[in-house]
Amino acid sequence: MEEAAKEIYTEPKWRRKAGLDDPSPRRGSHHAKHVGVAMGGGQRYPQNLAHAARNLVVFAGLFGLKSLQRIAGWTNPHPPQFPTVTLPHIDFGNLAWGWCAVTALGSFNPDRGGHLVLWDLKLVIRFPPGSTILLPSAILRHSNLKIGPNETRFSFTQFTPAGIFRWVYNDFRTDKDIHTAKSTTAAEHEQRREDRTARWQAGVRMYRKWDGPIQSV
8 MEEAAKEIYT
18 EPKWRRKAGL
28 DDPSPRRGSH
38 HAKHVGVAMG
48 GGQRYPQNLA
58 HAARNLVVFA
68 GLFGLKSLQR
78 IAGWTNPHPP
88 QFPTVTLPHI
98 DFGNLAWGWC
108 AVTALGSFNP
118 DRGGHLVLWD
128 LKLVIRFPPG
138 STILLPSAIL
148 RHSNLKIGPN
158 ETRFSFTQFT
168 PAGIFRWVYN
178 DFRTDKDIHT
188 AKSTTAAEHE
198 QRREDRTARW
208 QAGVRMYRKW
218 DGPIQSV
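So for the sequence shown, this note's numbering puts the first residue at 8; every next one is plus one.
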């Protein structure tokens with residue numbers, strides 16, 4: 008699966024045709040293209056991100072490949088992020104108590120580089136090609152180590168925007184819709200403030216503490 012997926016990133020027909028977004032200075036100097044349902048970037052309701060026709064053709068071909076289907080598995084797809092060494096960052100637009108699935112791909116020595124770094128937990132985790140790690144990327148500052156000059160590393164990331172959950176919590180409305188609605192009473196505004204204060208506690212309770220063995224390096 009890893010070899011098949013690696014071909015996607017090096018095959019000229021995919022890289023040549025797709026127009027890429029500008030690099031994100033928060034995550035690193037690599038390029039990326041976002042695909043899927045989004046909410047929270049100015050949308051009035053959850054909807055598929057718009058793309059140029061040439062990119063839609065490329066995405067249709069990519070998502071038809073068995074290798075990507077196997078990687079995506081049980082969650083929603085997020086597109087390839089090309090030669091990838093990320094800077095320390097948090098993905099604040101993701102659900103705080105949700106999971107972000109990151110799959111490492113490419114050809115590199117995982118004993119020498121490419122490790123996942125969880126800065127807040129003071130952990131450096133070996134992250135070999137073909138493996139997937141799940142983490143709450145909205146609350147843990149993370150990055151990965153550099154690889155060798157003649158090596159390649161790519162990342163396939165899957166996540167869920169927090170805006171979709173907020174829209175459902177709002178009875179399928181945006182925050183702005185509720186705040187500006189004349190039908191929203193003062194008591195309802197106060198109740199919403201109380202709900203927001205307590206919601207993070209409900210999210211924390213979803214986590215469990217695991218006291219398993221951790222190997223020292």
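All C-beta atoms in this analysis are idealised placements derived from N, C-alpha and C, irrespective of residue type, glycine included.
{"Asked": "May I have the straight-line CA-CA distance separating ASN101 from PRO95, to the nearest angstrom?", "Found": "16 Å"}
{"Asked": "Determine the direct distance from the alpha carbon of GLN198 to that of GLN165, and round the result to whole angstroms.", "Found": "33 Å"}
{"Asked": "What do you get for ARG212, buried or exposed, if any count of 16 or more other CB atoms within 10 angstroms of its CB means buried?", "Found": "exposed"}
{"Asked": "Pick out whichever of GLY137, PRO135, LEU128, ARG160 has its Cα sitting closest to the Cα of ARG148.", "Found": "LEU128"}
{"Asked": "Do three or more CB pairs link the segment 162-181 to the segment 107-117 at distances below 8 Å?", "Found": "yes"}
{"Asked": "Could you say which of LEU69, TYR214, ASN116, ALA209 lies nearest to ASN157 if we only look at CA atoms?", "Found": "ASN116"}
{"Asked": "Decide if TRP207 is buried, meaning its Cβ has at least 16 other Cβ atoms within 10 Å, or exposed.", "Found": "exposed"}
{"Asked": "Across which residues does DSSP place SER144 in a beta bridge pair?", "Found": "Answer is none; SER144 lacks a bridge partner."}
{"Asked": "Reducing DSSP to helix, strand and coil, say where PHE163 ends up.", "Found": "strand"}
{"Asked": "Based on DSSP bridge pairs, tell me the residues matched to PRO53.", "Found": "The partner list for PRO53 (beta bridge, DSSP) is empty, contrary to what the question assumes."}
{"Asked": "If we count the other Cβ atoms within 10 Å of its Cβ and call it buried at 16 or more, is VAL65 buried or exposed?", "Found": "buried"}
{"Asked": "Need the endpoints of the beta strand (DSSP E) that HIS196 sits in, please.", "Found": "It is not in any beta strand (DSSP E) - HIS196 instead sits in the alpha helix (DSSP H) that spans 193-212."}
{"Asked": "Quick one: residues in its chain with C-beta nearer than 6 Å to the C-beta of PRO135, no 5 flanking neighbours on either side, listed in chain order?", "Found": "PRO117"}
{"Asked": "Just checking my contact of ILE97 with ILE154 at CB under 8 Å: how many whole Å lie between their CB atoms?", "Found": "That belief does not hold up - the Cβ atoms of ILE97 and ILE154 are roughly 23 Å apart, past 8 Å."}
{"Asked": "Does the Cβ-Cβ distance between LEU152 and GLY120 come in under 8 Å?", "Found": "yes"}
{"Asked": "I'd like the list of long-range same chain contacts for ASP182, defined as Cβ closer than 6 Å, with 5 residues on each side in sequence excluded.", "Found": "none"}
{"Asked": "Determine the extent of the beta strand (DSSP E) in which LEU112 is found, giving its start and end residues.", "Found": "107-114"}
{"Asked": "Counting along the chain, where does the beta strand (DSSP E) carrying ASN151 start and finish?", "Found": "149-151"}
{"Asked": "Got a sec, what are the start and stop residues for the alpha helix (DSSP H) LEU102 sits in?", "Found": "Per DSSP, LEU102 belongs to no alpha helix (DSSP H) and is neither H nor E."}
{"Asked": "With which residues is LEU130 paired in a DSSP beta bridge?", "Found": "LEU125"}
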